[in-house]
Amino acid sequence: METITKELNSKTKNVLKRGMMDNVMEQFNRAANHINLHPSIRKILSITNNELVIHFPVKMDNGDVEIFKGYRVQHNNALGPYKGGLRYHPTVDIDAARALAMWMTWKTSLAGLPYGGGKGGIQLDPSKYSQGELERITRRFTFALADNIGPEHDIPAPDLNTNSQTMAWIADTYMSTRPPAERSANQHVVTGKPVESGGLEGRDRATGFGVYLNIKFWLNSKNETLKGKRFIVQGFGNVGYWAAYFLEQEGAKLVAVQDVFGSLYNPEGIQIENLYNYSKSNKGNIAGFPNASIIAKDDFFGVDCDICIPAALGNQITKESAPKIKARLVAEGANGPTDVGGEKILLSKGITIIPDILCNSGGVIASYFEWLQNRSGEMWHMEEVMDKLEKKLKNSFDKIHEYAQKEGIDMRTAAYCIAITRIEKAYVQRGIFP
Ligand code: NAD
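Read in numbering that gives the first Met the number 0, the sequence shown has 233 at position 234, and its numbers run on one by one without any break.
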C-alpha cells in the first residue's frame, strides 16, 4: 500500500499548506469589515490565546525510539471551553493548527454552543504505524498534553485519520492519570468516543448527516428536492461516506468519488454501500472498485454534476481547480477546502458555497450532545440525537440564509458575521480583565 507520505511529494505538500491562515484571516477581516467589528475585539480575535508544540518519544515495535511532534492550539474561549479535533497527518503544523482552531471558534459560536475553538494533532503518516504503535503514540501525546486539555477546559474530538478508537485511548489515558474518585467525572475530556465508552449514538454519522441536511435545506429553499441530483465527493472517510449515504437515500446519485488512492467515475451512479464494503475490504482504499472507471486525479473536480462535496483536506478548490467545477453548489464537508482565490472564481460563476463552519457543524453539535450526556449521566438514543441535530442545523441554516439575502452577501461572509457578532457581544458585556 502506498503511504500518504509517498502520495504527498514535496510539491503537493506545499500546495496543501499554502495560506491556511491567510485564508481564515481574509475571511475573518471581510466579515469584520462588514459588521464594523470593534477594533479591540478584532485585535483579540486575530491571534490565538495559547499554542503548544510538544516533542515526545515513543517506543516502536522494533524497539527503536521515535520522536513525534504534536500540536494543540487554543484560539479563543470567550464563549466556553476550547473545542476542536485532533488530526494525524503529515501536513499538521503550527499554521494549519492555528487556522483550524480559529475555524472552530467561528463554528461553535455560529452553532450557538457554549464553546470556544481549539485544534491540534500530530505530524505523522498513520499508515506507516501498527495499531499498537498508534495506541502508544496517542497515549503518550495525551500524557504530554496533561492539564492543557480537560473536560471543562479543552475538549478534543476526532478529525482526519483519528476516530472513536483514538478518542477511547485518550479518554482512558486522561482518566487514568486522575485521582481514583475523580476518574469518572472526566469522561467528557474528549467527544467522539465509542458508544460503549461514553460515546453518543449517532456521533459517527453526525457530520455527514449535517452536510446532507444543509444541501437539502438549500435545495428546498429553491423548491427543489434531492431526487435525481448528481453529486461528487472528495474523501470517502467518515464525512464523505455518511454524506453520500444520506444523499443516496433521498434519490441523489454519486457520479464521482476521490480518495488519497484514486478517483472513480460512473455517470449511472456508484452505489454507496457497495463502495463502502469494497473499501473496507481493501484497507480503506477505493481504487480498483469494479463498477466505475478510473479517471485522472486532476479531472475529478471537472466532472459534470449538480453538487460538489469536498470532504478531505484543506485548499483543494483553488485558482487552478475552481474554473473546472460544473456544480451549482459546493457543500464544504472538509475544513477550509476552498481557498480565497478558488472562492472568488466560484462566486463569480454564480456557484453557491455552503461554508464549512455551517456545513460540517453537525459533528461539533453532536459532540456537544455527547458532552452534555456525560456531564449529566444520561444515555440518549439515536432518534433523539438526530432529531435535535436536525432542529439545530435548520435553525443555523435559516439564520445564515436569511442574513445573506438581506445583506446581499455570500453565505460564508454571512456565517462569519453571525458567529463574530456573538463573541463581540460577550466581550462588550464582560469587558477586559482587569
Ligand atoms: P477521514 O480520515 O475519515 O477520511 C479522510 C478521507 O479523505 C479518506 O477517504 C482519504 O483517503 C481522503 N483523502 C486524504 N487525502 C486526500 C487527497 N489528497 N485527495 C483526495 N482524498 C484524500 O477524515 P474525516 O473525519 O472524514 O475528515 C475529513 C474532513 O472533514 C477534514 O477536513 C476534517 O477536518 C473535516 N471534518 C471532520 C469532522 C468529523 O466529525 N470527522 C467534523 C468536521 C469537519
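Even for Gly, the Cβ is constructed at its ideal location relative to N, Cα and C.
Three-state secondary structure assigned by DSSP to residue i
i       : result
Asn-185 : helix
Ile-214 : helix
Ser-320 : coil
Val-232 : strand
Cys-304 : coil
Lys-68  : strand
Ile-46  : coil
Phe-260 : coil
Asp-124 : coil
Ala-31  : helix
Arg-327 : coil
Asn-160 : coil
Gly-119 : strand
Ala-255 : strand
Ser-129 : coil
Ser-360 : coil
Lys-221 : coil
Phe-288 : coil
Asn-276 : helix
His-74  : strand
Arg-432 : Here the sequence assigns Phe to residue 432, which means Arg is not the residue at that position. Here Phe-432 sits in coil by DSSP.
Residue i classed as buried or exposed, judged by whether at least 16 other C-beta atoms fall within 10 angstroms
i       : result
Gln-130 : exposed
Thr-141 : buried
His-400 : buried
Ser-360 : buried
Thr-137 : buried
Lys-252 : buried
Met-64  : A quick correction: the sequence has Val, not Met, at residue 64. Val-64 is exposed by the Cβ-count criterion.
Phe-299 : buried
heavy atom of ligand 1 below 6 Å from residue i C-beta
i       : result
Leu-159 : yes
Phe-235 : yes
Val-52  : no
Ala-333 : yes
Asn-147 : no
Leu-144 : no
Gln-164 : no
Thr-90  : no
Ala-326 : no
Val-384 : no
Asn-314 : no
Asp-124 : no
Val-256 : no
Val-238 : yes
Asn-359 : yes
Residue i and residue j closer than 7 Å at C-beta
i       : j       : result
Thr-317 : Asp-303 : no
Thr-161 : Tyr-87  : yes
Tyr-415 : Ala-30  : yes
Ser-108 : Ala-418 : yes
Asp-305 : Lys-228 : yes
Val-238 : Thr-206 : yes
Ser-278 : Ile-285 : yes
Ala-170 : Pro-193 : no
Pro-266 : Val-256 : no
CB contact check: residue i to chain C, cutoff 7 Å
i       : result
Arg-135 : Absent from the structure: chain C. Only one protein chain is present.
Same chain only: Cβ atoms within 6 Å of residue i, ignoring 5 sequence neighbours per side
i       : result
Lys-221 : none
Gly-69  : Ile-53, Ile-121 and Phe-140
Glu-249 : Leu-225
Pro-56  : Val-64 and Ile-66
Sequence-distant residues of its chain with Cβ nearer than 7 Å to residue i (five each side left out)
i       : result
Leu-281 : Here residue 281 is Asn; the residue named in the question, Leu, does not match the sequence. Gly-287, listed in sequence order.
Close beta carbons around residue i, own chain, < 8 Å, minus the five adjacent residues each side
i       : result
Gly-335 : Met-19, Asn-22, Val-23, Ala-98, Leu-99, Trp-102, Gly-313, Asn-314 and Asp-355
Leu-345 : Ile-316, Ala-321, Ile-324, Val-329, Thr-337 and Ile-352
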